[in-house]
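In UniProt numbering, the protein residues as written are 1 to 294.
C-beta atoms are modelled at their ideal positions from N, C-alpha and C, and glycine is treated no differently.
Computed from a prediction, not measured in an experiment: that's the story for all the values here.
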């Protein structure tokens, strides 16, 4: 995939740097979900995220046991925050999904618990959305469809950080999808990159809208916790919400598996805070995917 940009908004250098240094990856829909995880009762959503830092082992914010508590089996003297020179993880062929049953085992097993991801974060309603796929139509509106033939399974979790004091609520989504081949998984990232070019303004349904979207593919040498990653950002507006707020979405691939992390901010939450939230979420998801593929 060739990297590209779209829209008038310039990505703050600090935001991109945070994603690279903390480590993220994956793929998701505008409201946090990936192309493969919403429900008819909720607006169609988009989702995924990712970049550097070999999750868990390189100090990307995840402990060796995958729970971020530092109680894993790693050497306590190992420098936290140290990144590898390149991404070298190779999935165990016997663990790579080839059936829908094994795919569901992976896509659900790699999900995050809310309190492990971010303080105060809880489940949204609906919390889990198994199966299905989000599709961007020619008129730039999102809708739900059945899984394409190239996808074995897709599983989404939706999260909510409630409003407090002067801060508005934050919604986030994690979607993990298992594809039939690496080429199929790469096609998801390529499609995600092109969608923001084709539709810099997108309708999510239920009065929600994305605008000013721009996307880029991370250079291969800068992705240190996945095989490939795509980043998108823009603005989100919705009913009963004053003004527009940041929308961040990162999609990453490890072998035939993609992960998407999306974060949609509220009043009082700035880009840097939301970027770190997306980055930490992606780092944890990618580490969980590695465990599933080991």
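N-terminal and C-terminal residue of the beta strand (DSSP E) that residue i is part of
i: residue 237; result: 228-237
i: residue 252; result: 245-254
i: residue 321; result: Nothing about residue 321 can be read from this structure; the chain reaches only from 1 to 294.
i: residue 295; result: Since the first residue of the chain shown is 1 and the last is 294, residue 295 is not available in this structure.
i: residue 263; result: 257-264
i: residue 95; result: It is not in any beta strand (DSSP E) - residue 95 carries neither H nor E in the DSSP assignment.
i: residue 217; result: 208-217
i: residue 224; result: Unbroken run through residue 224: none, as it is neither H nor E.
i: residue 205; result: 202-205
Anticipated Cβ contact below 8 Å, residue i with residue j, distance rounded
i: residue 87; j: residue 190; result: Not really, about 19 Å apart at Cβ, beyond 8 Å.
i: residue 104; j: residue 153; result: 5 Å
i: residue 161; j: residue 136; result: Residue 161 to residue 136, Cβ: 26 Å. No contact.
i: residue 140; j: residue 201; result: 6 Å
i: residue 97; j: residue 106; result: 5 Å
i: residue 188; j: residue 258; result: 5 Å
Short Cβ contact (8 Å threshold) for residue i with residue j
i: residue 178; j: residue 169; result: no
i: residue 248; j: residue 263; result: yes
i: residue 126; j: residue 114; result: no
i: residue 167; j: residue 267; result: yes
i: residue 281; j: residue 261; result: yes
i: residue 176; j: residue 110; result: yes
i: residue 214; j: residue 234; result: yes
i: residue 95; j: residue 294; result: yes
i: residue 218; j: residue 229; result: yes
i: residue 182; j: residue 256; result: yes
Start and end residues, alpha helix (DSSP H) containing residue i
i: residue 290; result: 271-292
i: residue 104; result: 100-109
i: residue 130; result: First-last for residue 130: 122-130, but that is the beta strand (DSSP E), not the alpha helix (DSSP H).
i: residue 114; result: 114-117
Residue i classed as buried or exposed, judged by whether at least 16 other C-beta atoms fall within 10 angstroms
i: residue 225; result: buried
i: residue 132; result: buried
i: residue 265; result: buried
i: residue 207; result: exposed
i: residue 192; result: buried
i: residue 276; result: buried
i: residue 156; result: buried
i: residue 145; result: exposed
i: residue 292; result: buried
i: residue 203; result: buried
i: residue 119; result: exposed
i: residue 195; result: buried
i: residue 149; result: exposed
i: residue 253; result: buried
i: residue 198; result: exposed
i: residue 90; result: exposed
i: residue 101; result: exposed
i: residue 220; result: exposed
C-beta neighbour in chain B for residue i, strict 8 Å
i: residue 269; result: In the structure shown, chain B cannot be found, because there is only a single protein chain.
Residue i CB to nearest heavy atom of the ligand PLP below 7 Å
i: residue 171; result: The model on display carries no ligand, and the ligand PLP is accordingly not part of it.
### Message
As an exercise, report each continuous beta strand (DSSP E) stretch of at least 3 residues that is fully enclosed by the segment 162-198, in chain order.
### Response
170-179
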